[in-house]
Amino acid sequence: MRVTSDGPSPAAAARRAQIVSAAIDTIAEYGYMGSSFAKIAKTAGISSTRLISYHFDNKNDLMLAVIDHIIAAAEEYMNPRIMAESDYWARISVYIRSNMEYLVEHTVQLRALLEINNNAQTPDGEPLLAMAYADPAVEVLEDVLRAGQAAGEFAEFDPHVMAVTMRAAIDTAGIRYAKGLEPDPAAYTNRLVELFGRSMLPHGDPRNGESFNPEARQ
């Protein structure tokens with residue numbers, strides 16, 4: 002990423018955001034392999050690919066910016082909902098629900114992420130998306146699960162294994178929806194919440210086994 006020592010100027014930041022937005026739309030429409038700088042420039046309405054190369058060193062640099070943009074937007078969507086809850090299980094259930102809701106409501110971003118995940122690699126051959134996102138996402142979940150156990154709200158389980166499983170379940174559900182294999186994502190989400198509730202809450206907890214639908218409880 003080319004920036005000055007004081008960071009990008011407002012004009013440069015706006016141009017970068019324009020290119021990133023165009024890259025998301027282009028990848029969603031043409032796929033990762035079909036998304037050249039020329040197509041991205043055309044989508045962005047800019048005159049030359051040199052403007053992209055000025056702001057991004059290469060395609061992977063642009064893809065990392067795309068990943069950062071989508072993840073930041075998802076966090077902005079999810080975090081207020083999660084932090085509005087007062088107990089750890091409610092936060093986890095809302096984490097699952099808001100994550101799924103974001104994927105369903107932002108299918109263009111979802112398709113772009115899937116294309117990047119399936120095709121973009123680091124120079125060492127590792128998936129670019131996993132390198133940039135998977136481990137931090139699991140670590141955040143792990144911290145919440147450990148805190149819930151320390152507070153006596155969750156049963157005994159391996160927080161790392163549970164966090165990896167939860168993240169994989171959400172990502173797989175998103176893939177199924179993007180491929181048209183899941184016609185009722187809301188029902189699927191209810192089943193995920195119920196499954197993790199049974200796995201995480203102590204036996205005898207009145208919330209164990211419920212789908213945690215706040216509207217249904219009112």
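Under this note's numbering, think of the first position of the sequence shown as 2, with each following residue one higher. Every residue, glycine too, gets a C-beta built ideally from N, C-alpha and C. From a predicted model like this one, the values you see are computed outputs, not experimental measurements.
Proximity winner among the options, relative to residue i (alpha-carbon distances)
{"i": "Thr108", "options": "Ile28, Gly153, Pro207", "result": "Ile28"}
{"i": "Leu142", "options": "Ile171, Ala188, Asn119", "result": "Ile171"}
{"i": "Ala187", "options": "Gly198, Lys180, Gly175", "result": "Gly175"}
{"i": "Met167", "options": "Ser94, Met64, Glu30, Met79", "result": "Ser94"}
{"i": "Ala14", "options": "Ala152, Leu52, Asn80", "result": "Leu52"}
Boundaries (first-last residue) of the alpha helix (DSSP H) holding residue i
{"i": "Gln19", "result": "11–31"}
{"i": "Tyr134", "result": "No alpha helix (DSSP H) contains Tyr134, which DSSP labels as neither H nor E."}
{"i": "Asp206", "result": "Note, Asp206: premise wrong, no alpha helix (DSSP H); not H, not E."}
{"i": "Thr190", "result": "186–201"}
{"i": "Thr44", "result": "38–45"}
CB of residue i within 8 angstroms of CB of residue j, strictly
{"i": "Ala75", "j": "Tyr33", "result": "no"}
{"i": "Arg98", "j": "His56", "result": "no"}
{"i": "Ile71", "j": "Gln110", "result": "yes"}
{"i": "Phe155", "j": "Gly149", "result": "yes"}
{"i": "Leu130", "j": "Ile68", "result": "yes"}
{"i": "Arg147", "j": "Pro137", "result": "no"}
{"i": "Thr44", "j": "Ala23", "result": "yes"}
{"i": "Tyr178", "j": "Val105", "result": "yes"}
{"i": "Val21", "j": "Ala73", "result": "no"}
{"i": "Val145", "j": "Arg92", "result": "yes"}
- Message: Between the segment 38–54 and the segment 76–87, can you find at least three pairs of beta-carbon atoms closer than 8 angstroms?
- Response: no
Inside the segment 140–167 only - alpha helix (DSSP H) runs reaching at least 4 residues: none
Please determine if the segment 186–201 and the segment 111–129 are in contact, where contact requires at least 3 C-beta pairs separated by less than 8 angstroms. no
Which runs of the alpha helix (DSSP H) fall wholly inside the segment 78–113 and span at least 4 residues, in chain order? 89–106
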